[in-house]
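Participant: Note that the working numbering has the sequence shown beginning at 7, numbered continuously upward.
Just so you know, even glycine gets a beta-carbon here, dropped at the ideal spot from N, CA and C.
All values derive from a computational prediction rather than experimental measurement.
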Amino acid sequence: MIATCCGYFISPASDGSGIPVMRALFAGVYQNPGDMLSFRTLIAKSLSTVIASGSGLSIGRAGPFTHLMAMIGFLLNKLALFRRVNFGQENYNFIRAAVACGTTANFGAPLGGLLFSIEVTAKYYEIKCLWEGIICSSVCILVFNVISFIKRDVLFERTTFPGFDMDMEIFAFVLLGVVTGIGAGIFCRVAMLMRSVQMKTFAKLGLNGPSLKRRTVHIVSICLITAILTYPIRIMRISDRQIVNEVFRDQDLSFHQWTQLSEYPQVTLFVYIFIKFVISILPCGAPISAGVFGPLFTIGAAVGRLYGETLMRYWNPTQSPATYAVVGAACFAASATQTVSTAVIFFELTSQLSHMVPVMTAVTVAYFVCGAISPSIYDIMAGWAGLHSVCYDLNEHVLSQKVAQNYMTPVLATFTTESTYEQAIQTLNTFKTEEYFPICDGAETQLLLGCIRRYDLEIAVARFIAAHRKQMPDAKDPNVSLRVQKLVSKILDIDKKQTATVENYSLVDFQPKDASSLTNVLELGPPFREYTFTTVPVECYPPQVR
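#1: Apply the 10 Å Cβ neighbour rule to R46 and answer buried if 16 or more other Cβ atoms are within range, or exposed otherwise.
#2: Would you check if the distance between the CB atom of S144 and the CB atom of P116 is smaller than 8 Å?
#3: For the alpha helix (DSSP H) holding P70, just list the boundary residues, first then last.
#4: Inspect the beta-carbon positions of I239 and I281 and report whether they are closer than 8 Å.
#5: Work out the CA separation of I285 and G69 for me, nearest whole Å.
#6: Would you mind stating whether L31 and L81 have Cβ atoms separated by less than 8 Å?
#7: Short of 7 Å in beta carbon distance, which residues of its chain neighbour P289, apart from the five on each side in sequence? Order them along the chain.
#8: Can you name the start and end residues of the beta strand (DSSP E) that Y442 belongs to?
#9: With DSSP as the reference, label T348 as helix, strand or coil.
#10: Just how far apart, CA to CA, sit N112 and A233?
#11: Quick check on this structure: which residue in T55, G40, R29 and P39 has the alpha carbon closest to the alpha carbon of G13?
#12: Using C-beta distances below 8 Å, list every residue in its chain close to E132, excluding the 5 sequence neighbours before and after it, in chain order.
#13: Assuming G215 and V369 form a contact by the criterion Cβ under 8 Å, report the distance between their Cβ atoms to the nearest whole angstrom.
#14: At the level of alpha carbons, what is the spacing between T553 and T222?
#15: How should P271 be labelled, buried or exposed, when 16 other C-beta atoms within 10 angstroms of its C-beta is the threshold for buried?
#16: Go ahead and label T109 buried or exposed: buried means 16 or more other beta carbons lie within 10 angstroms of its beta carbon, across all protein chains shown.
#17: With a CB to CB cut of under 7 Å and the five nearest residues on each side skipped, what residues in its chain are close to V371?
#18: Please determine, among Y384, F421 and A292, the residue with the shortest C-alpha to C-alpha distance to C11.
#19: V332: buried (16+ other C-beta within 10 angstroms of its C-beta) or exposed?
#20: At a cut of 8 Å, does the segment 346-365 reach the segment 383-391 through at least three beta carbon pairs?
#21: Tell me, please, which residues DSSP counts as bridged to G456.
#22: Thinking C-alpha only, which one of L455, K492, R459 and S61 is nearest K438?
#23: Taking the runs of the alpha helix (DSSP H) that are 4 residues or longer, which of them lie wholly in the segment 229-308?
#24: List the endpoints of the continuous alpha helix (DSSP H) containing Y384.
#25: For V91, does the count of other Cβ atoms within 10 angstroms reach 16, so buried, or fall short, so exposed?
#26: Measure the CB-CB distance between I294 and D41 and report whether it falls below 8 Å.
#27: With a cut-off of 8 Å on the beta carbons, I'd call T422 and D447 a contact; round off their distance for me.
#28: Under the DSSP definition of a beta bridge, which residues are partnered with G40?
#29: Using a 10 Å radius around the Cβ and a threshold of 16 neighbouring Cβ atoms, would you call M172 buried or exposed?
#30: Spell out the partners DSSP gives F421 in its beta bridges.
#31: Counting only the same chain and skipping the five closest in sequence on each side, list residues whose C-beta sits under 7 Å from that of I305.
#32: Are I465 and V494 touching if we call contact CB-CB under 8 Å?
#33: When you compare only the Cα positions, how much space is there between G314 and V298?
#34: Contact check, I8 vs I78 under 8 Å by CB: the rounded distance?
#35: I need the boundaries of the alpha helix (DSSP H) containing G189, first residue and last residue.
#36: Quick check on G215: does DSSP put it in helix, strand or coil?
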């Protein structure tokens, strides 16, 4: 309840996995990323992730970590140290590197995490951003290993697997890929069915819109079902990490909970898979900060271990059940998320390449099998969040039914080539949450010329007022916001320091026009950097047009 209240009272953007949001951000769905990556959202996401992870629900942390790191990167980018890349495409490159850091911190696999972040968040990726992600991931894994050494703890225990020879056993891995692919496809389909049932149930209860009551009903029902299913079975009380380490270990299953239902641990393992499958679907789409990759990882590992134990009973394979557990985990997670890079993560987790052929073969088979059954779980969750435009399964028929109006955000304020500084001040006061304003060639034609950032507009107004403060009777206009007045003072202070050192480098030292007023027309031109001083007049530093 506390976790869902974080999303209701602090920031609704903190709900969900976070990966669909990042995908939408990089696809250009959000013109203003400030809402999705604000400090309020960071606080809400952090609290919700920690509390939800300790609640006992079957949720993952890969998606929330990705969103958290993106927010931290976005907020760090606001600092003066990074101000030179504080807008435009450079800002997104900064966030992309942070996203890679988030996946690396979750998996402890720098290269696999980087590739995974690219695969799940970007349909198109600039190669020049790759080295930034590599550097960020490298530093992240360094800190990760230092902390693990201090705590004397490891994320996953290392297991030595026997070498693999190309023989008939490769078909056993292919069959495992088919089984896990079908299982992942069923997982996604059941999640879609569950969502449909939830919406119909909420409609019958009169809970159509977002409300605290709806959140309460949703979360309480999930918690009750999870508690009822997991409490009687003691093995369900063990964490995902311990289960994965147990099934990855190249020896018999050692937990005493495996023999609760039968003297054969395989029976309890089968029950574990079924219950884990059900309780992992329930939090999908819930109004809390919750991922899905971790449970998929665990289910796949358990399925692979059961598959390997079955082969050991009725056949004599050269590979141990632990090897099948690793391959099963890779297949189930890769097929459900439609990410081949998951295989690279498993190579880094196990620190071995001896089983590369069976892993890659089985993952490829599972990928295509699941893809034939359903879209990826991230595409499904993006659709639930109303982000259908970033789903990758849109065919020509679907696209032909869509129009631009469905995805347009109404623009309430525009600037033209005839707009004045007075209009700029009024617009800044009226639309206090808008971060960008369009610039058109005229009020009637409305032909888009570019876009001006709010901060750039404030800088331009402040510079004009600072330069004409003596000639302007309306410079003390009460409509001028406190922010602009502070910028004027800052410009004048910097101007004094600048001219005291270098002659003729003043911001306001130029020949003013005869008539200087806020009714002067905004002078548009090339981009500028704030507080940049040269010998040319201040009018040559207009707001940025893109």
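Facilitator: Let me lay it out:
#1: Classification for R46: exposed.
#2: The answer is yes: Cβ separation under 8 Å.
#3: A68 to L82 is the extent of the alpha helix (DSSP H) around P70.
#4: The answer is yes: Cβ separation under 8 Å.
#5: In a straight line, the C-alpha of G69 is about 18 Å away from that of I285.
#6: Contact: no.
#7: Taken in chain order, the residues that qualify are L63, S64, I65, I228 and A296.
#8: Element bounds for Y442: Y442 to C446.
#9: If DSSP states are grouped into helix, strand and coil, T348 belongs with the helices.
#10: As the crow flies, the alpha-carbon of N112 is around 26 Å from that of A233.
#11: Residue T55 is the option with its Cα nearest to G13.
#12: Hits under 8 Å: N99.
#13: With a Cβ gap of about 41 Å, G215 and V369 do not count as contacting.
#14: Residue 553 lies beyond the range of the chain shown here (7 to 552); nothing can be said about it.
#15: Buried.
#16: Answer is buried; the Cβ neighbour count reaches 16.
#17: Listed in chain order, the non-local C-beta contacts of V371 below 7 Å within the same chain comprise V180, G183, V184 and G187, local neighbours out to five positions each way being set aside.
#18: When only C-alpha atoms are compared, the closest one is A292.
#19: Classification for V332: buried.
#20: The segment 346-365 vs the segment 383-391: no contact.
#21: The beta-bridge partner set that DSSP reports for G456 consists of I445.
#22: Comparing Cα positions, the closest option is R459.
#23: The qualifying runs are 246-254 and 271-287.
#24: For Y384, the enclosing alpha helix (DSSP H) begins and ends at I383 to W390.
#25: Unreliable positioning characterises V91 in this predicted model, as indicated by a pLDDT of 49, which lies under 50. A coordinate reading is not provided.
#26: Between I294 and D41, the C-beta spacing is not below 8 Å.
#27: T422 to D447, Cβ: 7 Å. Contact.
#28: Residue pairing from DSSP leaves G40 without any beta-bridge partner.
#29: With fewer than 16 other CB atoms across the displayed protein chains lying within 10 angstroms of its CB, M172 is exposed.
#30: In the DSSP assignment, the residues bridged to F421 are I445.
#31: The beta carbon of I305 sits closer than 7 Å to the beta carbons of I279, K282, F283, S286 and F338 from its chain, once the five residues preceding and following it are set aside; these are given in chain order.
#32: No, these two residues do not count as a Cβ contact at 8 Å.
#33: If I take the Cα positions, the gap works out to 25 Å.
#34: Contact doesn't hold; Cβ gap of about 22 Å is too wide.
#35: For G189, the enclosing alpha helix (DSSP H) stretches over residues I176 to K210.
#36: Note: G215 maps to coil in three-state DSSP.
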